[in-house]
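Novice: Residue numbers (the numbering used here): 2 to 92.
Note that CB positions come from ideal geometry on N, CA and C, so glycine has one too.
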């Protein structure tokens with residue numbers, strides 16, 4: 002049986018998810034709707050109750066990226082967080 006290797010997934014912690022929503026001024030419900038997930042999935046992830054399925058985390062990351070939000074890992078100059086990047090305007 003062939004062995005498949007999953008591509009590494011960018012990291013997103015519960016705190017980063019909450020901070021990302023804060024940057025966008027989105028509720029848990031708004032993030033859930035935009036991601037096509039249930040509010041309980043977002044709530045449980047942000048509270049640390051459950052780690053989301055890989056597919057759910059990908060949807061959250063894609064939704065945030067589409068809004069210009071990207072996670073930033075901890076480094077020598079500070080801890081983990083999120084930042085807004087410029088989003089190309091549709092013409």
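DSSP state of residue 85, grouped into three classes?
Specialist: Against the chain shown, residue 85 aligns to sequence position 84. It is a strand residue.
Novice: Skipping 5 residues on each side, what residues in its chain have a beta carbon closer than 6 angstroms to that of residue 74?
Specialist: Walking along the chain shown from the start, residue 74 turns up at place 73. Result list for residue 74: 81, in chain order.
Novice: What number of angstroms, rounded off, separates the C-alpha of residue 31 from the C-alpha of residue 39?
Specialist: As a position in the chain shown, residue 31 is number 30, starting the count at 1. As a position in the chain shown, residue 39 is number 38, starting the count at 1. Approximately 10 angstroms between the Cα atoms of the pair.
Novice: Do residue 85 and residue 24 have their CB atoms nearer than 7 angstroms?
Specialist: Along the chain shown, one-based indexing puts residue 85 at 84. Along the chain shown, one-based indexing puts residue 24 at 23. Yes, the pair counts as a contact, with Cβ atoms nearer than the cut-off.
Novice: So the beta strand (DSSP E) residue 71 belongs to, where does it begin and stop?
Specialist: Start at 1 with the first residue of the chain shown, and residue 71 comes out as number 70. Segment 70-73, the beta strand (DSSP E) holding residue 71.
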